[in-house]
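Chemist: In order, the protein sequences belong to chains S and U. Under the numbering used here, think of the first position of the first sequence as 24, with each following residue one higher. Under the numbering used here, think of the first position of the second sequence as 24, with each following residue one higher.
Number of protein chains: 2
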Amino acid sequence: MDIKSYLKERGGLVNSFLSSYFDKPFLPAVLRESMRYSLLAGGKRLRPILAMASYEACGKNPADIIQYASALELIHTYSLIHDDLPAMDNDDMRRGKPTNHKVYGEAIAILAGDGLLTEAFFMLLDTSGSVSKESLIEAAREVALAAGVHGMVGGQAQDIISENSEPEAQALQFIHKHKTGALITASVKLGGILAEADKNTLDALTSYGENLGVAFQIVDDILDVSGDASVLGKPTGSDEKKKKMTYPSLYGIDLSMKKAEELITNAIDALDIFSENAEPLREIAKYILKRRH
Amino acid sequence: MDIKSYLKERGGLVNSFLSSYFDKPFLPAVLRESMRYSLLAGGKRLRPILAMASYEACGKNPADIIQYASALELIHTYSLIHDDLPAMDNDDMRRGKPTNHKVYGEAIAILAGDGLLTEAFFMLLDTSGSVSKESLIEAAREVALAAGVHGMVGGQAQDIISENSEPEAQALQFIHKHKTGALITASVKLGGILAEADKNTLDALTSYGENLGVAFQIVDDILDVSGDASVLGKPTGSDEKKKKMTYPSLYGIDLSMKKAEELITNAIDALDIFSENAEPLREIAKYILKRRH
Numbered sequence: 024m025d026i027k028s029y030l031k032e033r034g035g036l037v038n039s040f041l042s043s044y045f046d047k048p049f050l051p052a053v054l055r056e057s058m059r060y061s062l063l064a065g066g067k068r069l070r071p072i073l074a075m076a077s078y079e080a081c082g083k084n085p086a087d088i089i090q091y092a093s094a095l096e097l098i099h100t101y102s103l104i105h106d107d108l109p110a111m112d113n114d115d116m117r118r119g120k121p122t123n124h125k126v127y128g129e130a131i132a133i134l135a136g137d138g139l140l141t142e143a144f145f146m147l148l149d150t151s152g153s154v155s156k157e158s159l160i161e162a163a164r165e166v167a168l169a170a171g172v173h174g175m176v177g178g179q180a181q182d183i184i185s186e187n188s189e190p191e192a193q194a195l196q197f198i199h200k201h202k203t204g205a206l207i208t209a210s211v212k213l214g215g216i217l218a219e220a221d222k223n224t225l226d227a228l229t230s231y232g233e234n235l236g237v238a239f240q241i242v243d244d245i246l247d248v249s250g251d252a253s254v255l256g257k258p259t260g261s262d263e264k265k266k267k268m269t270y271p272s273l274y275g276i277d278l279s280m281k282k283a284e285e286l287i288t289n290a291i292d293a294l295d296i297f298s299e300n301a302e303p304l305r306e307i308a309k310y311i312l313k314r315r316h
Numbered sequence: 024m025d026i027k028s029y030l031k032e033r034g035g036l037v038n039s040f041l042s043s044y045f046d047k048p049f050l051p052a053v054l055r056e057s058m059r060y061s062l063l064a065g066g067k068r069l070r071p072i073l074a075m076a077s078y079e080a081c082g083k084n085p086a087d088i089i090q091y092a093s094a095l096e097l098i099h100t101y102s103l104i105h106d107d108l109p110a111m112d113n114d115d116m117r118r119g120k121p122t123n124h125k126v127y128g129e130a131i132a133i134l135a136g137d138g139l140l141t142e143a144f145f146m147l148l149d150t151s152g153s154v155s156k157e158s159l160i161e162a163a164r165e166v167a168l169a170a171g172v173h174g175m176v177g178g179q180a181q182d183i184i185s186e187n188s189e190p191e192a193q194a195l196q197f198i199h200k201h202k203t204g205a206l207i208t209a210s211v212k213l214g215g216i217l218a219e220a221d222k223n224t225l226d227a228l229t230s231y232g233e234n235l236g237v238a239f240q241i242v243d244d245i246l247d248v249s250g251d252a253s254v255l256g257k258p259t260g261s262d263e264k265k266k267k268m269t270y271p272s273l274y275g276i277d278l279s280m281k282k283a284e285e286l287i288t289n290a291i292d293a294l295d296i297f298s299e300n301a302e303p304l305r306e307i308a309k310y311i312l313k314r315r316h
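#1: Identify the contact partners of S:Gly171 in chain U, using a Cβ-Cβ distance below 7 Å as the criterion.
#2: Count the other CB atoms within 10 Å of the CB of S:Leu278; is the residue buried (16 or more) or exposed (fewer)?
#3: Label U:Asn187 either buried or exposed according to how many other C-beta atoms from any shown protein chain fall within 10 Å of its C-beta, with 16 as the threshold for buried.
#4: Looking only at its own chain, which residues have a Cβ that is under 7 Å from the Cβ of S:Lys83, when we skip the five neighbours before and after it?
#5: Pull up the CB-CB distance for U:Ala163 and U:Phe145, whole angstroms please, since I reckon it's below 8 Å.
#6: Answer yes or no: the CB of U:Thr208 versus the heavy atoms of the ligand COA, is any distance below 6 Å?
#7: To the nearest angstrom, report how far apart U:Ile287 and U:Tyr29 are at their CA atoms.
#8: Exposed or buried, U:Gly65, counting other C-beta atoms within 10 Å across all chains shown (16 or more means buried)?
#9: If you reduce the DSSP assignment to three classes, tell me which class U:Arg117 lands in.
#10: Name the two residues that bound the continuous alpha helix (DSSP H) containing S:Gly326.
#11: Which of the three DSSP states is assigned to U:Lys11 in this structure?
#12: What whole-angstrom Cβ distance do S:Ala6 and S:Leu294 have, given they're in contact under 8 Å?
#13: Take U:Ile88 as the anchor and find which of U:Phe45, U:Ser151, U:Asp137 and U:Leu235 has the nearest alpha-carbon.
#14: Does the beta carbon of S:Ile207 sit closer than 7 Å to a beta carbon anywhere in chain U?
#15: Check whether the Cβ atoms of S:Thr208 and S:Gly215 lie closer than 7 Å to each other.
#16: Do you know how far the Cα of U:Ala290 is from the Cα of U:Tyr231?
#17: Spell out whether any CB of chain U is found under 7 Å from the CB atom of S:Gln10.
#18: Grab the span of the alpha helix (DSSP H) containing S:Pro271 for me, first residue to last.
#19: Give the residues from the segment 147-177 of chain U that approach chain S closer than 7 Å (Cβ to any Cβ), ordered along the chain.
#20: To which residues of the same chain is S:Leu41 closer than 7 Å at the C-beta, ignoring the five residues directly before and after it?
#21: Return the first residue and the last residue of the alpha helix (DSSP H) that S:Thr141 is part of.
#22: Which of the three DSSP states, helix, strand or coil, is assigned to U:Gly66?
#23: Report the residue from S:Asn113, S:Lys125 and S:Gln179 whose alpha carbon sits nearest the alpha carbon of U:Ala135.
#24: Using a Cβ-Cβ cutoff of 8 Å, what residues of the segment 47-65 of chain U are near chain S? List them in chain order.
#25: How many Å lie between S:Lys18 and S:Tyr310 at the Cα?
#26: On the three-state DSSP scale, how would you describe S:His105?
#27: According to DSSP, simplified to helix, strand and coil, what is U:Thr122?
#28: What's the C-alpha gap between S:Ile276 and S:Glu263?
#29: If you run the structure through DSSP and keep just helix, strand and coil, what is U:Arg59?
#30: Could you name the residues of the segment 109-136 of chain U whose beta carbon sits closer than 7 Å to any beta carbon of chain S, in the order they occur along the chain?
#31: Whole angstroms are fine: how far does the CA of S:Pro109 sit from the CA of U:Lys47?
#32: Less than 7 Å between CB atoms is the rule here; does U:Ile184 satisfy it with respect to chain S?
#33: Taking 7 Å as the threshold (beta carbon to beta carbon), is U:Gln181 in contact with chain S?
#34: What separation, rounded to the nearest whole angstrom, lies between the Cα atoms of S:Leu69 and S:Ala52?
#35: Would you kindly work out how many angstroms separate the C-alpha atoms of S:Ser57 and S:Glu32, rounded to a whole number?
#36: So which residues of chain S does U:His199 contact, with C-beta pairs closer than 7 Å?
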């Protein structure tokens, strides 16, 4: 399969869904504009794509869960808006455009993030489709757990606290596993939960997601050192400037890349129980290593 | 009934529940501390109390929904933490203590708010109790709608945008209905939804909540002009200093109080279909007018 065309097609589906979901005007207009600005800025849509690919791996039609998958992108986008704030990472550029608070001011940026996070749960609990109510509740709980203090929010807090500290393996692992890994793992699990997969299948998807999530963040760290700013849509070298605790800062680039490769091998191995339905998940894992943004 | 003892007893139940829910340590410790700091700072617990009183009005045992009711307090507290931020209302005191960001810094305050909001949905979707899954989903959707861009977040955005503008009836109504009214209405509805009340009953609770919510905010505006700072736990006169659009600024204190009284009468009238089970809801409404903080 051609993974680049696959990602482009699936990302396009998510973009269309999100654009039409937020098509209807509401007040205040500037709040809606600010949410659309960041949400429709053209991200990779990795989390929704993973959820759909995982649903597909369970033999289901991914189009059926586009709304639930897209809700993950609202949560990811809210986290980027809040992380970019002056009080947090103080970033000016994101996805090739000025960050939300640079355009709309800090107050609206905070509220846009709050609004996206809240709307995500509204979307996740839509009972009009074919998914059972039990699965919807389980899925939304999984996402809440992964996005909250025991996951993404906790990881981001540790990331902020660890700035300017001497790099240290345990804190670094905590940050990567929580800040990025948790929501990526939940995205993969979401597909399995909505497909009502059995425990064995869910365990396999969880193991895939956990390995993939940390590998993704390691590659992110590496790209911040050696990537191309024009392809990334944000300046490189910002982790070093902020004295962030990263894999390259602790292990150097070569060893970090080797660690990412190992994790990707583990992720793919975890999918052994799946048939060719899981080919997209396998190809996504390989792509993570080769990505340039 | 003695409404003050009732409020004290019910508030105590909520405080105990929240304290025990957040008893277990998690990392990073400062994030947990910051969430507990604001959550356990001794608010009135009006929203959880309303949800329980409304469940009680439907003939049910309020203790059964303490967790769902308490989730509302997480959402209310998150909104206070974010509203107090320098980029928003820039407040230094809240509930008689320095605001969250004054103690823990802006980054942790933003994340504590994000974490509380996310955890609220986790709490609302706990299926271990006796409430049906259908009701839990409906209740969580109602709360998400009321807390998000079509409710509280939208109202706060309009409030920020309207600062320094000439007071104007339509914008003021929008702010009060959304910023405060929406979550208070949802709190009252929550009890009805979880009790599986019929449409007539839910409509009555909604009407009560809508009237009560706006009345509550008008009294809040009045207390900011003429209240006692030491009882309020925050300085008075801050709305005028920030040129906020408020009822007193548009109509003066006497007319504002009259409007609040009218709304409370409407709220109580809406409860006509209920028996004496709704006595607490009626007494809460009367208390709203007399409250000093």
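The beta carbon of each residue, even a glycine, is placed where N, CA and C say it ideally should be. Bear in mind the structure is a predicted one, so any value in this text is a computation, not a measurement.
Modeler: Concretely, from the data shown:
#1: Taking the first residue of the first sequence as 1, we reach residue 171 of chain S at position 148. Result: Gly138, Thr141, Glu142 and Phe145.
#2: Here the question's residue 278 of chain S lines up with position 255 in the first sequence. Exposed: under 16 other Cβ atoms inside 10 Å.
#3: The residue labelled residue 187 of chain U in the question sits at position 164 within the second sequence. The residue in question, U:Asn187, is exposed, as its Cβ has fewer than 16 Cβ neighbours within 10 Å.
#4: Taking the first sequence and counting its residues from 1, one reaches residue 83 of chain S at position 60. For S:Lys83, where only same-chain residues beyond five positions count, the Cβ hits under 7 Å are Ala218.
#5: The residue you call residue 163 of chain U lines up with position 140 of the second sequence. The residue you call residue 145 of chain U lines up with position 122 of the second sequence. U:Ala163 to U:Phe145, Cβ: 10 Å. No contact.
#6: The ligand COA is absent from the structure shown, which contains no ligand whatsoever.
#7: As a first step, residue 287 of chain U is located in the second sequence; it is residue number 264 there, counting from the start. As a first step, residue 29 of chain U is located in the second sequence; it is residue number 6 there, counting from the start. Each residue's Cα considered, the two are about 19 Å apart.
#8: Looking up residue 65 of chain U in the second sequence gives position 42. Burial call: exposed.
#9: Sequence index remark: in the second sequence, residue 117 of chain U carries index 94 (1-based). Reduced to three states, the DSSP call for U:Arg117 is strand.
#10: Residue 326 of chain S falls outside the range modelled here, since chain S spans only 24 to 316, and no answer is possible.
#11: Because residue 11 of chain U is not part of the residues shown, which for chain U are 24 to 316, the question remains open.
#12: Absent from the structure is residue 6 of chain S, since the part of chain S shown begins at 24 and ends at 316.
#13: As a position in the second sequence, residue 88 of chain U is number 65, starting the count at 1. Comparing Cα-Cα distances from U:Ile88 to each of U:Phe45, U:Ser151, U:Asp137 and U:Leu235, the minimum goes to U:Ser151.
#14: Stepping through the first sequence from its first residue, residue 207 of chain S is reached at position 184. Answer no: the Cβ-Cβ gap between S:Ile207 and chain U never drops below 7 Å.
#15: Residue numbering aside, residue 208 of chain S sits at position 185 when the first sequence is read from its first letter. Residue numbering aside, residue 215 of chain S sits at position 192 when the first sequence is read from its first letter. In this structure, S:Gly215 does not lie closer than 7 Å to S:Thr208 by Cβ.
#16: Taking the second sequence and counting its residues from 1, one reaches residue 231 of chain U at position 208. Taking the second sequence and counting its residues from 1, one reaches residue 290 of chain U at position 267. Answer to the nearest angstrom: the Cα atoms are 4 Å apart.
#17: Nothing can be reported for residue 10 of chain S, as the shown portion of chain S is limited to 24 through 316.
#18: Indexing the first sequence from 1 puts residue 271 of chain S at position 248. S:Pro271 -> alpha helix (DSSP H) spans Tyr270 to Tyr274.
#19: Leu148, Thr150, Lys156, Glu157, Leu159, Ile160, Ala163, Arg164, Ala167, Leu168, Ala170, Gly171, Val172, His173, Val176 and Gly177
#20: Indexing the first sequence from 1 puts residue 41 of chain S at position 18. If we look at S:Leu41 and ignore the five residues flanking it on each side, its Cβ neighbours are Leu62, Leu63, Ser93 and Glu96.
#21: Here the question's residue 141 of chain S lines up with position 118 in the first sequence. Element bounds for S:Thr141: Glu129 to Leu147.
#22: As a working note, residue 66 of chain U is residue 43 in the second sequence. Correct three-state label for U:Gly66: coil.
#23: Stepping through the second sequence from its first residue, residue 135 of chain U is reached at position 112. Of the candidates S:Asn113, S:Lys125 and S:Gln179, the one whose C-alpha sits nearest the C-alpha of U:Ala135 is S:Gln179.
#24: Phe49, Leu50, Pro51, Val53, Leu54, Arg55 and Met58
#25: Nothing can be reported for residue 18 of chain S: it is not among the residues displayed for chain S, which extend from 24 to 316.
#26: Start at 1 with the first residue of the first sequence, and residue 105 of chain S comes out as number 82. Helix at S:His105.
#27: As a working note, residue 122 of chain U is residue 99 in the second sequence. Three-state result, U:Thr122: coil.
#28: Taking the first sequence and counting its residues from 1, one reaches residue 276 of chain S at position 253. Taking the first sequence and counting its residues from 1, one reaches residue 263 of chain S at position 240. Cα-Cα distance, rounded: 13 Å.
#29: Here the question's residue 59 of chain U lines up with position 36 in the second sequence. U:Arg59: helix per DSSP, three-state reduction.
#30: Ala110, Met111, Glu129, Ala130, Ile131, Ile133 and Leu134
#31: Translated into positions along the second sequence, residue 47 of chain U becomes position 24. Translated into positions along the first sequence, residue 109 of chain S becomes position 86. Cα-Cα distance, rounded: 31 Å.
#32: Your numbering for residue 184 of chain U matches position 161 in the second sequence. With 7 Å as the cut-off, U:Ile184 counts as an interface residue toward chain S.
#33: Stepping through the second sequence from its first residue, residue 181 of chain U is reached at position 158. Chain S, which has a Cβ nearer than 7 Å to the Cβ of U:Gln181, makes this yes.
#34: Start at 1 with the first residue of the first sequence, and residue 69 of chain S comes out as number 46. Start at 1 with the first residue of the first sequence, and residue 52 of chain S comes out as number 29. Going from the Cα of S:Leu69 to the Cα of S:Ala52 covers about 28 Å.
#35: Counting from 1 along the first sequence, the entry for residue 57 of chain S is found at position 34. Counting from 1 along the first sequence, the entry for residue 32 of chain S is found at position 9. Rounded to whole angstroms, S:Ser57 to S:Glu32 spans 26 Å at the Cα level.
#36: Taking the second sequence and counting its residues from 1, the one referred to as residue 199 of chain U is at position 176. Within chain S, no residue comes near U:His199; the closest Cβ sits about 14 Å away, beyond 7 Å.
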